[in-house]
């Protein structure tokens, strides 16, 4: 099991460029999440998905779009990158809603927007 | 809206000393998680607390949850340098998405 993987690990963009971050999990988890982490801010939820084909907004969704066409993949898109989107992005997944269902985190993607 | 407050945000302590990190949250939840993060790394799960009165211990760390007070504590006993890291508490928003709301983290430095 690879767990939760993220591609790429690092990326530098110029303002206005677009890109897609890929999150993949091989644990057959229903729920997937995208967070951003900024210094002194903890992790903040961008978007999440409670199943294949579903997405919903989190705390800081502006400037991002997501898609969950396959259960194992959750894509985060930046259509027109801005310096304020410089951050570390973490993806997470969890099995479902009952019992001992913690979130498992990917290794992160460090994004710099110049 | 669920809000999570952690304190202190920075903690410098000597090896061998004891200390407690506090995590308060604003609305009802009975699921709380503690994570550790080393610089440049992802989050590592430490404890999952699923009910009022839950207590979990692993080595020099012990976590507890009081859902009535909306408070969790992470107690460090006889700190060692290897415990230096940032510790996050996260509370589950039980409104259907089960998303986590994180505290801002406590950066712990253990000095020899």
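Protein chains in written order, with the numbering used here: chain A, 629 to 742; chain S, 412 to 523. Virtual Cβ for every residue (Gly too), placed ideally from N, Cα, C. Every value quoted in this text rests on a predicted model; they were computed, and no experiment measured them.
Bridge partners - residue 715 of chain A, DSSP secondary structure assignment
The bridge partners DSSP lists for residue 715 of chain A are A:739.
Round the Cβ separation of residue 694 of chain A and residue 706 of chain A to the nearest angstrom and send it over; I've been treating them as touching at under 8 Å.
Between residue 694 of chain A and residue 706 of chain A, the beta carbon gap of about 11 Å keeps them out of contact (Cβ cut-off 8 Å).
Whose C-alpha, out of S:459, S:522, S:501 and S:476, is nearest the C-alpha of residue 417 of chain S?
It is S:501 whose Cα lies nearest to the Cα of residue 417 of chain S.
Given residue 444 of chain S as reference, the closest of S:421, S:479, S:466 and S:425 once Cα atoms are compared
Each of S:421, S:479, S:466 and S:425 was checked against the Cα of residue 444 of chain S, and the nearest Cα belongs to S:466.
Less than 7 Å between the beta carbons of residue 665 of chain A and residue 719 of chain A, yes or no?
Not a contact, by the Cβ cut-off of 7 Å.
So with CB distances below 7 Å, who are the chain A contacts of residue 413 of chain S?
None at all; the shortest Cβ gap to chain A is about 10 Å.
Under 7 Å by beta carbon: chain S residues contacting residue 731 of chain A
Ordered by position in chain S, the residues that pass the 7 Å Cβ test against residue 731 of chain A are 511.
What three-state label does DSSP hand residue 650 of chain A in the structure shown?
Here residue 650 of chain A sits in strand by DSSP.
Could you list which residues in chain S have their beta carbon closer than 9 Å to that of residue 660 of chain A, in chain order?
Residues of chain S passing the Cβ test: none, with the nearest at roughly 11 Å.
Going by alpha carbons, who is nearest to residue 661 of chain A out of A:667, A:650 and A:668?
Each of A:667, A:650 and A:668 was checked against the Cα of residue 661 of chain A, and the nearest Cα belongs to A:650.
Beta carbons nearer than 7 Å to chain A: which residues of the segment 483-507 of chain S have them?
Taking 7 Å as the Cβ-Cβ cut-off, the segment 483-507 of chain S approaches chain A at 499, given in chain order.
CB contact check: residue 456 of chain S to chain A, cutoff 7 Å:
With 7 Å as the cut-off, residue 456 of chain S counts as an interface residue toward chain A.
Using CA atoms only, rank isn't needed, just tell me which of A:724, A:671 and A:715 is closest to residue 637 of chain A.
Ranking the options by Cα distance to residue 637 of chain A, first place goes to A:715.
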